[in-house]
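Take the sequence shown: its letters are residues 1 to 123, numbered as in full-length UniProt numbering.
Beta carbons: idealized from backbone N, C-alpha and C, even for Gly.
Computed from a predicted model, the values in this text were never measured in an experiment.
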Amino acid sequence: MVYWGSDNGVNKFRCPHVLDKAECPFGTDWCSSSNYGMVIKTKIEDDSRLFCSPHRGTKNWQKLYDERTSVERYFGRQKKHLGLESITVQGTKKVETHAYLCAIALIATVTAVNTAEREQKAA
Numbered sequence: 001m002v003y004w005g006s007d008n009g010v011n012k013f014r015c016p017h018v019l020d021k022a023e024c025p026f027g028t029d030w031c032s033s034s035n036y037g038m039v040i041k042t043k044i045e046d047d048s049r050l051f052c053s054p055h056r057g058t059k060n061w062q063k064l065y066d067e068r069t070s071v072e073r074y075f076g077r078q079k080k081h082l083g084l085e086s087i088t089v090q091g092t093k094k095v096e097t098h099a100y101l102c103a104i105a106l107i108a109t110v111t112a113v114n115t116a117e118r119e120q121k122a123a
């Protein structure tokens, strides 16, 4: 089945033979009498890990996945290099403050590196 869009929490899949994505020996006669072909609709709420929106493999899904990987890289950097992996304080407020200080340290480091690179290019 070929993904054919999503609407109101429902993914729509169509027969690949009708869309010229696959060659079926029986044509569309065995699965549907319609020229539109067989249609299967799946609710995302039934199994959100299997039927997601945007559907896996689409451009929107790839864009969202790329954003996710950049966020995971950021958190990995925070944990490994800036001390979020081995927190020695207890309490939600203290941990939150520690995380903010780590983020400030990362931003300050990036700013310093960018400034140094600009000065080198200017010289």
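Distance, residue j Cα to residue i Cα
i	j	result
TYR100	LEU84	10 angstroms
GLY27	VAL18	8 angstroms
CYS15	LYS121	57 angstroms
ALA22	TYR74	41 angstroms
THR92	VAL110	27 angstroms
Pair within 8 angstroms by beta-carbon distance, residue i and residue j
i	j	result
VAL10	LYS63	no
LEU82	ALA105	yes
Beta-carbon proximity list for residue i, same chain, < 7 angstroms, skipping 5 on both sides
i	result
TRP4	LYS12, PHE13, ARG14
Neighbourhood of residue i by C-beta distance below 8 angstroms, restricted to the same chain and skipping five residues each side
i	result
HIS55	TYR3, SER6, ASN11, TRP61
Counterpart residues of residue i in DSSP-defined beta bridges
i	result
LYS21	Paired residues: none, contrary to the question.
**Prompt:** What runs of the beta strand (DSSP E), each 3 residues or longer, lie entirely inside the UniProt domain "Transposase DDE" (24 to 105)?
**Reply:** Secondary structure within the UniProt domain "Transposase DDE" (24 to 105): the beta strand (DSSP E) runs of 3 or more consecutive residues, fully enclosed, are 39 to 43 (chain order).
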